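In short: position in the sequence shown from 1, add 458, done, that's the numbering used here. Heads up, the beta-carbon is just placed ideally off N, CA and C, and yes, glycines get one too. All values reported here derive from a predicted model rather than from experimental measurement. What follows is one structure encoded as structure tokens, with my remarks underneath.
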Amino acid sequence: MKVAVLSDLHANRQAVEAVWEHATQQGCERTVLLGDYVDYGADPVWVLDFVYQRVQEGAIAIKGNHDDAIRHEEAHQLGGHVQESLAWTRQQLSAAHIAFIESLPLTAEWGDCQFAHANVHDPAHWAYLDGRMEAVRSLQVSQHPFVFCGHMHQPCLYHLSSTGKSGDFSPVDGTPIILSPMRRWLAIPGSVGQPRDGNPAACYLTFDTDSRQLTFYRVPYDHERAAQCIIDAGLPLFLAQRLRDGR
Numbered sequence: 459m460k461v462a463v464l465s466d467l468h469a470n471r472q473a474v475e476a477v478w479e480h481a482t483q484q485g486c487e488r489t490v491l492l493g494d495y496v497d498y499g500a501d502p503v504w505v506l507d508f509v510y511q512r513v514q515e516g517a518i519a520i521k522g523n524h525d526d527a528i529r530h531e532e533a534h535q536l537g538g539h540v541q542e543s544l545a546w547t548r549q550q551l552s553a554a555h556i557a558f559i560e561s562l563p564l565t566a567e568w569g570d571c572q573f574a575h576a577n578v579h580d581p582a583h584w585a586y587l588d589g590r591m592e593a594v595r596s597l598q599v600s601q602h603p604f605v606f607c608g609h610m611h612q613p614c615l616y617h618l619s620s621t622g623k624s625g626d627f628s629p630v631d632g633t634p635i636i637l638s639p640m641r642r643w644l645a646i647p648g649s650v651g652q653p654r655d656g657n658p659a660a661c662y663l664t665f666d667t668d669s670r671q672l673t674f675y676r677v678p679y680d681h682e683r684a685a686q687c688i689i690d691a692g693l694p695l696f697l698a699q700r701l702r703d704g705r
């Protein structure tokens, strides 16, 4: 089965629409959503409705830290522009949207795969997998050969051998990677709605559970339109510029 894995949508309708069209063209049969559906962008209602519809169709969806902060802001260390964006986002959402967010789990398991927003070794504290050492911590805790996390906004792939040797590399857009059964793997798809590696194109990945083939993709979208929507909503200009710069 080919699975589409999306993370960090961040209320960016234009990016989500482009990625969903691309994933559909790849023949994906199931969807996994790794959290952070709201904040930063101008279309939190549309994106949450999209996520809800995918869940109704059988998708796996987990909660991200920005989703959690809608109800529990005091538990998160947020900068000034994030607080402003979060307050605006909260005003847009209905009670049903908030209840849906609250219903989402922090981690999920499916077959040989485990999913979390930030990490699997301490998912409630949202620590970044910002290097090989942190990724290995999650791989050592997980009982699954394939782990998928978001939160980093940059695509990356880590691996751990049975002898404890670890490695990492930056994937190439559209180039399939066959995941060796001699290693355990942790993949970070990057961000759909706010990439931060200097490339404004949206990120996601597909995983074929039968062939063990993993493919990272970059999907260009109308980021200028998404940036203008942020400006028109009265959100901080910094958030619009991030989409243009991909940082």
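Starting from the Cα of residue i, find the closest Cα among the options and give me that residue.
{"i": "Ile520", "options": "His609, Gln541, Arg548", "result": "His609"}
{"i": "Ser624", "options": "Ala476, Gly485, Pro634, Gln598", "result": "Gln598"}
{"i": "Ala593", "options": "Glu479, Trp643, Val505", "result": "Trp643"}
{"i": "Asp507", "options": "Gln484, Ile556, Ile528, Glu479", "result": "Ile556"}
{"i": "Ile646", "options": "Val630, Val605, Pro581, Met640", "result": "Val605"}
{"i": "Arg488", "options": "Gln472, Gln514, Arg548", "result": "Gln514"}
{"i": "His524", "options": "Val509, Gln511, Tyr510, Val540", "result": "Val540"}
{"i": "Val503", "options": "Met591, Gln550, His583", "result": "Gln550"}
{"i": "Ala481", "options": "Phe696, Val677, Ala684", "result": "Val677"}
Would you mind reading off the limits of the beta strand (DSSP E) that contains residue i?
{"i": "Tyr402", "result": "In this structure the chain extends from 459 to 705, so residue 402 is not present and cannot be described."}
{"i": "Ala566", "result": "565 to 568"}
{"i": "Leu695", "result": "It is not in any beta strand (DSSP E) - Leu695 instead sits in the alpha helix (DSSP H) that spans 695 to 703."}
For a quick check, are the C-beta atoms of residue i and residue j less than 8 Å apart?
{"i": "Ala469", "j": "Gly499", "result": "yes"}
{"i": "Gly745", "j": "Arg670", "result": "Because residue 745 is not part of the residues shown, which for the chain are 459 to 705, the question remains open."}
{"i": "Val496", "j": "Ala517", "result": "no"}
{"i": "Leu467", "j": "Gly651", "result": "yes"}
{"i": "Leu637", "j": "Cys607", "result": "no"}
{"i": "Pro613", "j": "Pro639", "result": "no"}
{"i": "Glu542", "j": "Pro694", "result": "yes"}
In terms of residue numbering, what span does the alpha helix (DSSP H) encompassing residue i cover?
{"i": "Arg590", "result": "590 to 599"}
{"i": "Asp626", "result": "Where Asp626 is concerned, there is no enclosing alpha helix (DSSP H), although the beta strand (DSSP E) it sits in stretches over 624 to 627."}
{"i": "Thr621", "result": "No alpha helix (DSSP H) holds Thr621; DSSP gives it neither H nor E."}
Of all Cβ atoms in chain E, is any one closer than 8 Å to the Cβ of residue i?
{"i": "Ser543", "result": "Annotation note: the requested chain E is absent from the structure, which comprises a single protein chain."}
Could you check if residue i is buried or exposed, using at least 16 other CB atoms within 10 Å of its CB as the buried criterion?
{"i": "Arg702", "result": "exposed"}
{"i": "Thr664", "result": "buried"}
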